[in-house]
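This report refers to the structure that appears directly beneath it.
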Amino acid sequence: MDLITRITQQFDESIAAKQAATEELAGPISEAIELMVNALTNGGKVLACGNGGSAGDCQHFAAELVGRFERERPGLAAIALTTDSSALTAIGNDYSFNEIFSKQVAAIGQPGDVLLAISTSGNSKNVQMAIEAAHARDMNVVALTGKGGGQMTQQLKEGDVHVCVPHNRTARIQEIHLLSIHCICDGIDLSLLGEEENES
Ligand SMILES: O=C(CO)[C@@H](O)[C@H](O)[C@H](O)[C@H](O)COP(=O)(O)O
Ligand SMILES: [Zn+2]
47 MDLITRITQQ FDESIAAKQA ATEELAGPIS EAIELMVNAL TNGGKVLACG NGGSAGDCQH
107 FAAELVGRFE RERPGLAAIA LTTDSSALTA IGNDYSFNEI FSKQVAAIGQ PGDVLLAIST
167 SGNSKNVQMA IEAAHARDMN VVALTGKGGG QMTQQLKEGD VHVCVPHNRT ARIQEIHLLS
227 IHCICDGIDL SLLGEEENES
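Numbers in my numbering are just positions in the sequence shown, counted from 1, shifted up by 46.
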């Protein structure tokens, strides 16, 4: 297969995956928005964790809350737990890699905060342990998963939100995680700022 055909196929697969996911994910994404707006407007914050490409999504999300998404507003309280190399290496070295997020959640998380837990498989142990730590701190969880949700599905409790992308390919799941994150940012701004002037 030539490269252009291969690239075209991946674009087509991504478009199809997004169209297939729209109806199923719109509801959970709106619930995630409500959960985060409630936390952010009551003195709470959002902590985000994930591995690899999902770590990038955590940092992308936190930057759009602390900084801005598309509209001017004061910064919002969000922290990606994937960036502090001293904390990550100390915890990984002194305890275990499985605890690199959960120990941060236990130290920083407060009742009413929200944990954004991102895992395309739903089976990354360090994300699962972060969910346990969040529940122990009376935090709610927004899980972004795929591939049926993995073991994280069984961890979620009443009040948590599960955005599970109906796909089995990590790259396609991540592409829809990023769209979901942007929908969450848009919904938070809509809730805090109202409709934009030029919007009907
Ligand atoms: O971005 C990619 C693949 O597209 C990889 O870096 C991927 O994030 C890593 O393999 C992660 O370790 C996968 O973990 P998870 O999504 O299953 O929790
Ligand atoms: Zn990736």
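All residues carry an ideal CB built from backbone N, CA and C; glycine is no exception.
Notebook entry, point to check: Residue range of the alpha helix (DSSP H) that Gly192 falls in?
Noted result: Taking the first residue of the sequence shown as position 1, residue 192 is located at position 146. It is not in any alpha helix (DSSP H) - Gly192 instead sits in the beta strand (DSSP E) that spans 186-192.
Notebook entry, point to check: So Met185 packs on Val160, CB below 8 Å; how close in whole Å?
Noted result: Your numbering for residue 185 matches position 139 in the sequence shown. Your numbering for residue 160 matches position 114 in the sequence shown. About 6 Å; that satisfies the 8 Å criterion.
Margin query: Please report whether the beta-carbon of Val92 lies at a distance below 8 Å from any beta-carbon of chain D.
Written below: Chain labels in this structure do not include chain D; a single protein chain is all it has.
Note to self: Any heavy atom of ligand 2 closer than 7 Å to the beta-carbon of Ala217?
What the structure shows: Along the sequence shown, one-based indexing puts residue 217 at 171. Checking every heavy atom of ligand 2 against the Cβ of Ala217, one is found closer than 7 Å.
Margin query: Given the structure, does Gln105 come close to ligand 2, in the sense that its CB is under 7 Å from one of the ligand's heavy atoms?
Written below: Position 59 of the sequence shown, counting from 1, holds the residue named residue 105. No; taking the cut-off as 7 Å, the Cβ of Gln105 has no heavy atom of ligand 2 nearer than that.
Checklist line | Inter-stretch contact (C-beta, 8 Å, three-pair minimum) for the segment 72-81 and the segment 145-152 | finding: no
Check: From Ile227, Cys95, Ala180, pick the residue whose C-alpha is nearest to that of Ile125; which is it?
Finding: One-based indexing of the sequence shown puts residue 125 at position 79. Checking every option, the nearest Cα to that of Ile125 belongs to Cys95.
Next item on the list: Using DSSP bridges, identify the partner residues of Leu93.
Entry: Reading the sequence shown from its first residue, position 47 is the one you call residue 93. Answer is Ile125, Leu161.
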